[in-house]
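**Student:** With my numbering applied, the sequence shown corresponds to residues 12 to 152, in that order. Where is the CB? At the ideal position from N, CA and C, for every residue including glycine. The model shown is predicted, which means the values in this text are computed figures rather than measured ones. The structure's right below; bear with me while I get my questions together.
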Amino acid sequence: MITLYADGSCAPNPGIGGWGCVLMMGEHYKEICGCGTGTDTNNQMELMAVIKGLEEIKTKQIPIHVYTDSGYVVNIFTQWIKGWRKKKFKDVKNAELIQYLDGLVQSFVEVKFFWVKGHSTNQYNIRADELANLGREQYVE
């Protein structure tokens, strides 16, 4: 199994955004981060964190567990996505990002989403948050 911790950051919201990920499989460990466009929202950066994390994974045949403190991202894939697909994402905020992420998710054998409490004791969620802030700091106008 591959474990992905993802987090997004935006200051102010909307404003300059960043995203960060921690990827783990067995002894393998990787951290990545990046910045947004400067006109981002927190939810967009939360989505980008998962997108960028999944894009790093080359094998499609290993189950993936995604951990995020974003209830928005978890709810998309545990509650809302089927209805949104039926209505072709009409009137859905961030539809372009969500559709792209949905395609990525469907390209893997299995992706499960789990909510974790933000800013608590989970070291990997804390690190993803730090990376998201680092990514935001990389933004140059």
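#1: Entirely within the segment 18-91 and at least 3 residues each: give me those beta strand (DSSP E) ranges in chain order.
#2: Taking its Cβ as the centre, do 16 or more other Cβ atoms sit within 10 Å of residue 109, making it buried, or is it exposed?
#3: With three or more beta-carbon pairs closer than 8 Å as the criterion, would you say the segment 37-55 touches the segment 85-102?
#4: By the DSSP assignment, the alpha helix (DSSP H) with residue 116 in it spans what residues?
#5: What number of angstroms, rounded off, separates the C-alpha of residue 79 from the C-alpha of residue 58?
#6: So what's residue 150 in DSSP terms, helix, strand or just coil?
#7: Residue 19 and residue 143 - do their beta-carbons sit closer together than 8 Å?
#8: To the nearest angstrom, how far is it from the Cα of residue 81 to the Cα of residue 139?
#9: Around the C-beta of residue 30, are 16 or more other C-beta atoms found within 10 angstroms, so that it is buried, or is it exposed?
#10: Tell me the residue span of the beta strand (DSSP E) that contains residue 123.
#11: Between 130, 147 and 60, which has its C-alpha nearest residue 112's C-alpha?
#12: Suppose the cutoff is 8 Å on Cβ atoms and the five residues either side in sequence are ignored; what does the same chain contact list for residue 120 look like?
#13: Note down, in chain order, each residue of its chain lying with its Cβ closer than 8 Å to the Cβ of residue 66, except the 5 sequence neighbours on either side.
**Tutor:** Let me spell this out:
#1: 27-36, 39-46 and 75-79
#2: As a position in the sequence shown, residue 109 is number 98, starting the count at 1. So residue 109 ends up on the buried side.
#3: no
#4: Counting from 1 along the sequence shown, the entry for residue 116 is found at position 105. Run containing residue 116: 106-117, per the alpha helix (DSSP H) assignment.
#5: Here residue 79 refers to the residue found at position 68 of the sequence shown. Here residue 58 refers to the residue found at position 47 of the sequence shown. Their backbone Cα atoms lie some 10 Å apart in a straight line.
#6: Start at 1 with the first residue of the sequence shown, and residue 150 comes out as number 139. Here residue 150 sits in coil by DSSP.
#7: Position 132 of the sequence shown holds residue 143. Position 8 of the sequence shown holds residue 19. Yes. Within cutoff.
#8: The residue you call residue 81 lines up with position 70 of the sequence shown. The residue you call residue 139 lines up with position 128 of the sequence shown. If you draw a straight line from the Cα of residue 81 to the Cα of residue 139, it is about 12 Å long.
#9: Locating residue 30 in the sequence shown gives position 19, counting from the first residue. Buried, since its Cβ has 16 or more Cβ neighbours within 10 Å.
#10: In the sequence shown, counting from the first residue as 1, residue 123 sits at position 112. Start and end: 122-126.
#11: Start at 1 with the first residue of the sequence shown, and residue 112 comes out as number 101. The shortest Cα separation from residue 112 among 130, 147 and 60 belongs to 60.
#12: Stepping through the sequence shown from its first residue, residue 120 is reached at position 109. 71, 72, 73 and 74.
#13: The residue labelled residue 66 in the question sits at position 55 within the sequence shown. Within the same chain, Cβ atoms closer than 8 Å to the Cβ of residue 66 are found at 115, the five residues on either side in sequence being excluded.
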